[in-house]
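Chemist: Chains as they are written, first to last, in our numbering: chain Z, 176 to 385; chain G, 0 to 106. C-beta: ideal position from N, C-alpha, C; glycine also. Note that the coordinates shown come from a computational prediction; the quantities given were computed from them, not determined experimentally. Structure incoming, see below.
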Amino acid sequence: MTTANVYQQRPGDDVKAETPLHHANLPSLFGKGRNNPGVTLRERKLLGHLTLRGEAHDSAFSGGVHKALGLELPVALGVVSQGELSLQWMGPDEWLLICPRGQEFALEQQLREALAGLHIQVVNVSGGQTLLELSGPSVRQVLMKSTSYDVHPDNFPVGKAVSTVFAKSQLIIRHMAEDTWELVIRRSFADYWWLWLQDASAEYGLAIAE
Amino acid sequence: MLQIFCPHCAELRSEEEFHASGQAHIPRPLDPAACTDEQWGTYMFFRDNPRGIHHELWIHAAGCRQYFNATRDTVTYEIFETYKIGEKPQVTAKPAGAVPEAAAREE
Ligand SMILES: [Zn+2]
Chain Z
176 MTTANVYQQR PGDDVKAETP LHHANLPSLF GKGRNNPGVT LRERKLLGHL TLRGEAHDSA
236 FSGGVHKALG LELPVALGVV SQGELSLQWM GPDEWLLICP RGQEFALEQQ LREALAGLHI
296 QVVNVSGGQT LLELSGPSVR QVLMKSTSYD VHPDNFPVGK AVSTVFAKSQ LIIRHMAEDT
356 WELVIRRSFA DYWWLWLQDA SAEYGLAIAE
Chain G
0 MLQIFCPHCA ELRSEEEFHA SGQAHIPRPL DPAACTDEQW GTYMFFRDNP RGIHHELWIH
60 AAGCRQYFNA TRDTVTYEIF ETYKIGEKPQ VTAKPAGAVP EAAAREE
């Protein structure tokens, strides 16, 4: 068994938790803004984020991941999801698992059990990053303003995810559904992205959803 | 802006996602303690500075964060190929017009 220190890292629900955009008071903006907004932003807050590393070509690894998560290990630039669970390729030996709030400890234990004896790593990075969801007909326009990466559906179909340069910084762009995109951002950059996205979305109309 | 092919992401990506990290294919001495000062100094500090084809180490810093190698012309900046660490370059010929090393020394 592993010598890694595996423990529940999330404090209980009785402990007050502030999201990376707590100071922006997004709930005060719910339901306001233009009718038929071009862009709707939703803070997918306080989710579980796990970094998983292992040998992609080892069938014991890919099989173990499937056993633990019910998801196939995605190949380069892919993201697969089932319900609220998603698994994204980050590099040839690295993946990002995002799960509903509070499930990360159980999932880590399932992964470690299914992958016991293999050369792997599971790290809880929930505190370091967060997820913003953008949906609506004008999201692609906002992305085109922000990144040099080609976000046309021919190059960026649903199910693709890339880490790239965005508005002079870096983040991960994930295409989850036709008009739905996700940005995985560093927690410490949350305010910067919030300001940037407000500015870039203004001409299309921005709404904030719960 | 250059487009560079990342052998891990398997697609062309914008130059701003990458960083160059110097000369490629420099093996670390297996037993550093057995090296002379000159051998260790050569490994540590001395790098080729060719005019023409050069094999370089690059990292896809904003993407998959993997190192890989690139064969690049230091005069034209043309990148002939990129390949994974551990693989051998396909392009090694001297570019037309380059002065052979021996000839250059005789001058
Ligand atoms: Zn890459």
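(1) Taking only beta-carbon positions, decide if Z:TYR324 is within less than 9 Å of chain G.
(2) Let me know if G:GLU16 comes out buried or exposed under the rule of 16 or more other beta-carbons within 10 Å of its beta-carbon.
(3) Could you name the residues of the same chain whose beta carbon sits closer than 6 Å to that of G:PHE4, not counting the 5 residues immediately before and after it, in chain order?
(4) Contact criterion: CB-CB distance below 9 Å. Does G:GLU80 meet it with respect to chain Z?
(5) Can you list the beta strand (DSSP E) stretches of 3 or more residues lying completely in the segment 52-78 of chain G, in chain order?
(6) When the Cα atoms are used, what is the spatial distance from Z:ALA342 to Z:HIS327?
(7) Within a Cβ cutoff of 8 Å, which residues of the same chain sit near Z:LEU293, ignoring the five residues on either side of it in sequence?
(8) Report whether the distance from the Cβ of G:GLY62 to the nearest heavy atom of ligand 3 is below 8 Å.
(9) Among Z:LEU372, Z:SER344 and Z:ALA291, which residue has its Cα nearest to the Cα of Z:ARG361?
(10) Against chain G, does Z:MET319 count as a neighbour if the rule is that its beta carbon must be under 9 Å from one of theirs?
(11) Could you confirm whether any beta carbon from chain Z is found closer than 9 Å to the beta carbon of G:ALA61?
(12) Can you determine whether any heavy atom of ligand 1 sits closer than 8 Å to the C-beta of G:ARG12, and answer yes or no?
(13) Could you tell me the boundaries of the alpha helix (DSSP H) in which Z:PHE280 lies?
(14) When you measure from the CB of G:CYS34 to every non-hydrogen atom of ligand 1, does any distance come out below 8 Å?
(15) Cβ of Z:HIS350 versus every heavy atom of ligand 1: is any distance shorter than 8 Å?
(16) Out of G:LEU56, G:GLN38 and G:TYR76, state which residue places its alpha-carbon closest to the alpha-carbon of G:ARG50.
(17) Whose Cβ in chain G lies nearer than 7 Å to the Cβ of Z:LEU252?
(18) Using a threshold of 8 Å, is the CB atom of Z:HIS232 nearer than that to any non-hydrogen atom of ligand 1?
(19) Is any heavy atom in ligand 1 found nearer than 8 Å to the beta carbon of Z:CYS274?
(20) What first and last residue would you give for the beta strand (DSSP E) that runs through Z:SER338?
(21) Please check if any C-beta of chain G sits within less than 9 Å of the C-beta of Z:VAL340.
(22) Counting C-beta neighbours from all protein chains within 10 Å, is the total for Z:VAL359 16 or more, i.e. buried, or is it exposed?
(23) Once the 5 residues before and after G:ALA101 are set aside, which same chain residues still bring their CB inside 6 Å of it?
(24) Can you tell which of Z:LEU221, Z:PRO202, Z:ASN180 and Z:PRO195 has the C-alpha that lies nearest to the C-alpha of Z:ASP188?
(25) Excluding the 5 residues preceding and the 5 following Z:ASP268 in the sequence, name in chain order all residues of the same chain whose CB lies nearer than 7 Å to its CB.
(26) Is the closest heavy atom of ligand 1 to the C-beta of G:HIS59 under 8 Å?
(27) So, for Z:GLY208: in the same chain, excluding its five sequence neighbours on each side, which residues have a beta-carbon less than 8 Å away from its beta-carbon?
(28) Using a Cβ-Cβ distance under 9 Å, would Z:PRO157 count as near chain G?
Modeler: The structure says:
(1) yes
(2) buried
(3) LEU11 and THR81
(4) no
(5) 52-58 and 66-72
(6) 18 Å
(7) GLY229, GLU230, ASP233, ALA235, PHE236 and GLY239
(8) Judged by which ligands are present, ligand 3 is missing from the structure shown, whose ligands are ligand 1.
(9) Z:SER344
(10) no
(11) yes
(12) yes
(13) 279-289
(14) no
(15) no
(16) G:TYR76
(17) CYS8
(18) no
(19) no
(20) 336-341
(21) yes
(22) buried
(23) Since pLDDT at G:ALA101 reaches only 46, below the 50 mark, its modelled position is unreliable, and the value read off the structure follows with that caveat. Correct list: empty, nothing qualifies.
(24) Z:LEU221
(25) ARG228, GLY229, GLU230 and ALA231
(26) yes
(27) GLY380, LEU381, ALA382 and ILE383
(28) Examination of residue 157 of chain Z is not possible in this model, given that chain Z is present from 176 through 385 alone.
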